[in-house]
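Undergrad: Chains Y and L, in that order, are what the protein sequence lines are. Residue -19 is where the first sequence starts when you use this note's numbering, and the numbers rise one by one after that. Residue -11 is where the second sequence starts when you use this note's numbering, and the numbers rise one by one after that. Positions of the beta carbon are idealized from the N, C-alpha and C atoms, including for glycine.
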Amino acid sequence: MKMNETDLRLALRYAGVKDPDHSPFQLMLQAMESELEAAIASKSTWRVFQIVKQADQIRLEPGGLILPGKMASTMLADCDQVILAAGTLGHGFDRQSSLFQAQNDPAKALLFDAAGSALIERVLDELEENLHALPEFQNLYFTDRFSCGYGDLPIALQKAIGQLLNLPLRCGITVLDSYMMAPTKSITALIGVSQNPQPARIRGCGYCSLNKSCTYRKKGTTCHGE
Amino acid sequence: MANNGFKRKTAPLFLDGAMGTMIQRANLPAVPLPEYYNLEQPEAITAIHKAYIEAGADVVYANTFGASPHKYENEKYAYDQIIEAGIANAKKAAQKTDVKVALDLGPLGVLMEPMGSTSFEEAYEEFARMVEVGVKAGADLIVIETMTDLYEAKAALRAAKEHSNLPVLVTMTFEANGRTFTGTPVEAAALTLEANGADAIGINCSLGPDQLLPLLERLCQVTNLPVAAKPNAGLPDPFTGHYHLPDDQFAKLSKQFMDAGVSILGGCCGTTPATIRALHEAVQADQREEEKGERKAKSEKFESEAAALDFGSSLKKPRFDAISSSLQVLDLDGIRVVGERMNPTGKKRLQAALLAGDLDLCARLALEQKEAGADLLDVNVGMPGVDEVTMLPGVVRKIQSVCDLPLLLDSSNPAALEAALRVVNGKAAINSVNGKQESLDAILPLAAKYGAPVVALCLDEAGLPDTAEKRIEIAKKIADEAAKYGIDRSQLWFDCLSLTISAQQDQARETLKAITWLKENWNARTILGVSNISFGLPARAMMNQTFLTAAMQAGLNFAIINPSLTGLMDAVASFKAISGEDEGLRGYVARFADRPDLKANANVPVQTKSADQPSTSQNMDLQTAIYKGLETQAANAAKELLAAGKGELDLTEEQLIPALDLVGKDYEQGKLYLPSLLQAASAAQAVFDVLKESIAAKGEKQASKGTIVLATVQGDIHDIGKNIVKTLLENYGYTVVDLGKDVAPEAVLQVVEQTGAPLVGLSALMTTTLPSMEKTIELLHTLDNPPKIMVGGAVVTPDAAQAMGADYYCKDAREDIKVADEVFGSFKEKGDA
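#1: Quick check on the DSSP output: the beta strand (DSSP E) that includes R39 (chain Y) runs from which residue to which?
#2: Does the Cβ-Cβ distance between V89 (chain L) and V48 (chain L) come in under 8 Å?
#3: Quick one: which chain Y residues come within Cβ less than 9 Å of Y231 (chain L)?
#4: How far does the alpha helix (DSSP H) with Q425 (chain L) in it extend, from its first residue to its last?
#5: At a CB distance below 7 Å, what residues from the stretch 166 to 193 of chain L approach chain Y? Give them in sequence order.
#6: Please identify, using Cβ separations under 7 Å, the residues of the stretch 696 to 712 of chain L that lie next to chain Y, in order along the chain.
#7: Check the Cβ of V28 (chain Y) against every Cβ in chain L and list those closer than 8 Å, keeping chain order.
#8: If the cut is a Cβ gap below 8 Å, which residues of chain Y does A351 (chain L) touch?
#9: Alpha carbon to alpha carbon, how far is K616 (chain L) from P332 (chain L)? Give it in angstroms, no decimals.
#10: Starting from E133 (chain L), follow the beta strand (DSSP E) in both directions and report where the run begins and ends.
#11: How would you label F523 (chain L), buried or exposed, when you count the other beta carbons within 10 angstroms and need 16 or more for buried?
#12: Do three or more CB pairs link the stretch 687 to 702 of chain L to the stretch 641 to 654 of chain L at distances below 8 Å?
#13: Compare the beta carbon distance of T68 (chain Y) and S22 (chain Y) with 8 Å and say whether it is the shorter of the two.
#14: Any residues in the stretch 147 to 164 of chain Y with a beta carbon nearer than 8 Å to a beta carbon of chain L? Which ones, in chain order?
#15: Could you give the residue range of the beta strand (DSSP E) that holds V325 (chain L)?
#16: What does Y661 (chain L) touch in chain Y if you count any residue whose Cβ is under 8 Å from its own?
#17: Spell out whether any CB of chain Y is found under 8 Å from the CB atom of Q667 (chain L).
#18: Mind pulling the chain Y residues with CB within less than 8 Å of P95 (chain L)?
#19: Strictly by DSSP, which residues pair up with S107 (chain L)?
#20: Report buried or exposed for V583 (chain L), applying the criterion of at least 16 other Cβ atoms within 10 angstroms of its Cβ.
#21: With a Cβ-Cβ cutoff of 8 Å, do A87 (chain Y) and L(-10) (chain Y) count as a contact?
#22: Find the residues of chain Y that neighbour S670 (chain L), judging by a C-beta separation of less than 8 Å, and give them in chain order.
#23: What does DSSP give as the partner residues of V32 (chain Y) in its beta bridges?
#24: Expressed to the nearest angstrom, what Euclidean distance is found between the alpha-carbon atoms of K587 (chain L) and A581 (chain L)?
#25: Taking the alpha carbon of D187 (chain L) as the reference point, which residue from L:L241, L:V156, L:S427, L:A496 has its own alpha carbon closest?
#26: Can we say the stretch 27 to 44 of chain L touches the stretch 95 to 103 of chain L, given the rule of at least three CB pairs closer than 8 Å?
#27: Leaving aside the five residues before and after V725 (chain L) along the sequence, list all residues of the same chain whose C-beta is less than 8 Å from its C-beta, in chain order.
#28: Ignore the nearest five residues each way along the sequence and tell me which others in T596 (chain L)'s own chain have a CB closer than 7 Å to its CB.
#29: Tell me, to the nearest whole angstrom, how far the beta carbon of I683 (chain L) is from that of V325 (chain L); I am working on the premise that it is less than 8 Å.
#30: Using DSSP's beta-bridge definition, name the partner residues of P173 (chain L).
#31: Smallest Cα separation from C128 (chain Y): which of Y:T168, Y:I153, Y:P115?
#32: Considering only residues of the same chain and omitting the five flanking positions on each side of S77 (chain Y), which have a CB-CB separation below 7 Å?
#33: Which residues of chain Y have a Cβ atom closer than 9 Å to the Cβ of G104 (chain L), listed in chain order?
#34: Using the C-alpha atoms, what's the distance from G255 (chain L) back to S194 (chain L)?
#35: When the cut-off is 8 Å and only beta carbons count, does Q673 (chain L) lie next to chain Y?
#36: When the Cα atoms are used, what is the spatial distance from D363 (chain L) to F676 (chain L)?
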């Protein structure tokens, strides 16, 4: 995968560089292009589930997964389908990252890691764009993409999503008992599908479970830009 | 094994189709795990097996795919009950038929080292327990399937072979690019599984038959074993979850596999008895055509394929003579460079690191040699005070966590070799056996058991032979003895020994003569450590280079050298151009074009590492170099200061630490960003390497400000933050015992008890791993004299740290230094008082 302008700026921000435009590290990141290309074997998968609303709970069929809490019921209030999606940069990325660390190059490791964080978001962005273009979703509307751990949507759902999407075989993602995923640059997400236009609800810190401890917020910035 | 159940001369062997798909279709009541049905719906499971048998399956897989002790630890049924019932259901269906019942072993659902923390032995134990139950329950064969991690597949295979006498089929799952998710190419899987005793190998799941064909063709080209294919019925529809490929198309595509050499056919996800029936019928229809003589050519190919399988216990000449790591295959035709630097003999710095159990240096040595052009790495840890039986496998694990070169395991201790052969991921080679009976009896069984090529030293009880003839005589003896173990001569890499020319001038000629003979008469592989030749002589480099060239001309395959020595690598590159191995001279041109030392006709050493660093004046002072994060310049400045008589300790306290302090201060004030801080840390680390080298050379011990244990807590696999802390602490002169990531609380406790470390640093990145941080702290607090504990990581807050009972919260890596200085400073004061 190649970094575009936005990825680059985002990566520098993740690496703690405040003025991405005037930084020698921009060059250092650009010089990593071939390593990123060689290390990343991105992979994504998705599946559509029907939403069954029961009292104030949301159930997905087939599979019967319950999505408890306010986050899911708000986000999916107006939806009858939800897309479960996942993406990863693959184990090769983690391997290259530990290689930089073994070579006594923590600065490179840090920048590389930051680039990975930016690129995995793009894997999901691109997947979402492609989905939107499918004939099955013509004239339908997507909610913002959201993930386990946002708001009150339990991170523990990660395991069940891993099973429903058969992540070990479809993407090579293992969900650990701690709900952390390996490879480290992996994401699972939910996208509601509705007959009606959907408001932009998230992309704000209020929904993030880190909003009390976030280091970006402490410094007066955010992880996603301004 | 005389008849391993996979050999069919005239027809392919048919496996069954999917179990999961059939269970879904049966609409059974929901259960927590699919193997529950073995006990709760035995009739339904038996009926599925029966349907496959009626459709023509010769082998049915019992419903035991996920029945591991770990997965069933807290379930209603124990894993052994599940396996016993699974085998019984299948056997019931196979009653009164010739159909064989397979114990089916799938992935454990854990993450193996180095990505995760499950060790080879842990995985092996899980599989071994399942195999034992399966054998007792009466399985006819063992199938290991859907493996995406070669290391796990090897653990399962070894467990199956070492806990049963049953034939074992191993099938792995690949992506369309021909690699598993962990990066293993088809060929590396084939080499490794064949070496470890698989009776048949193959590919299942993930892809449909059309995408599997090119991968199966590659697999068939590199193995002598029967090959199996169990594709999915295409890909699942994301809207319905159903697999789309119609049975007749599946059958049509799958039977093409036989042309590639596949002799075992079946189906995976989405296939049903109807699929297997269609496959069976399509193959039979083809065979009827063949009998009519219309497809004779293909039939002959299949016959010869089958005949090739029948050599059973005779010598195993590999179809593809190569070795591999889990990621990279090394074809052995041509001249190959064996990196020799991972050997403590005469290297004080490495000796000190091994004695201290610090394996980071081993990882770096491996990477440096790879960068310098080594094709495989010799790994030797033999020295007084080091237990090779634990150290050799430890170093192997460390190296293969970062370096993808195949390994040559080098020890005179058979137990150490075996320990390393077990944990190596890929197909490694052994260094070495010799003509002494004791050595032959100890090493050859290992080579046979692990399918490892072995270096054969041409010496014996009588010592070093002084003629080529005597060397060849010993080579013959070793080859004869190896044949008794089923080891083909191609798997012996003969070392005709290079002796010191200044002591025995005629011996160089004898060595070359022996290499020539072995090449011409046996087309044997030969290997040679080159540098012995020049001991005690001036211009050793010249002598070594000339001798190496002569040996290559005589037919040498493997040169054991230091790949950082430019002259030797130049000779190899030039020879490859002359021999034709370097087609179109691309390698030669790439190596020599634009090389500065050749251009100016000067004798300047070639710099590789500093390529990405801006050039600056050569005499930059140490503090500036560190501040600017310039590794090479900082190291050079340190060397100059040492040469001028500066002591190591003074240099640290007067230059290194003040420079780092300045960097730290500017970072805190926002003048420098994190990457700059890290570059300065790398430069300081380079200076430390210089100091360590200098201290080791004097035979002194490195002074340390104190020992700190670091770990990323259990369940957490992000360790970049912890590694940054480690680098900084080392910069400041602390000894860091780094336990890595996903570390169990008990492991932290154990190491703290062993080392008596007064300070422990713990890192966590997710809210879900904070409880294991808390648990680790609790456990450490059970000690009579608990260490101070500092914690950090994205989700840790000062309040959380306090609530967990940590002594310090560190908002960033700089903070850890302050904490360490405080903790050890107060220690020192107490000590002084």
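TA: Result, derived from the coordinates:
#1: 37 to 41
#2: yes
#3: Simply none; closest approach about 12 Å.
#4: 425 to 437
#5: F169, T170, G171, C193
#6: G703, D704, I705, H706, I708, N711, I712
#7: P226, F227
#8: A82
#9: 34 Å
#10: 129 to 135
#11: exposed
#12: no
#13: yes
#14: P148, L149, C151, G152, T154, L156, D157, S158, Y159, M160, A162, P163, T164
#15: 324 to 327
#16: A(-5), G(-4), V(-3), K(-2), S3, F5
#17: yes
#18: P148
#19: Its beta-bridge partners do not exist; DSSP assigns none.
#20: For the record, residue 583 (chain L) in the displayed sequence is Arg; it is not Val. Per the 10 Å Cβ criterion, exposed.
#21: no
#22: N84, D85, P86, A87
#23: Y:R39
#24: 9 Å
#25: L:V156
#26: no
#27: T695, I696, V697, L698, V739, T743, A745
#28: Caution applies to T596 (chain L), whose pLDDT of 44 falls short of 50 and renders its modelled position unreliable; the value that the coordinates give is listed next. So the qualifying residues of the chain are E359.
#29: No, I683 (chain L) and V325 (chain L) are not in contact; Cβ-Cβ is about 31 Å, not under 8 Å.
#30: L:R167
#31: Y:T168
#32: A89, F92, D93
#33: T154, L156, A162
#34: 11 Å
#35: yes
#36: 29 Å
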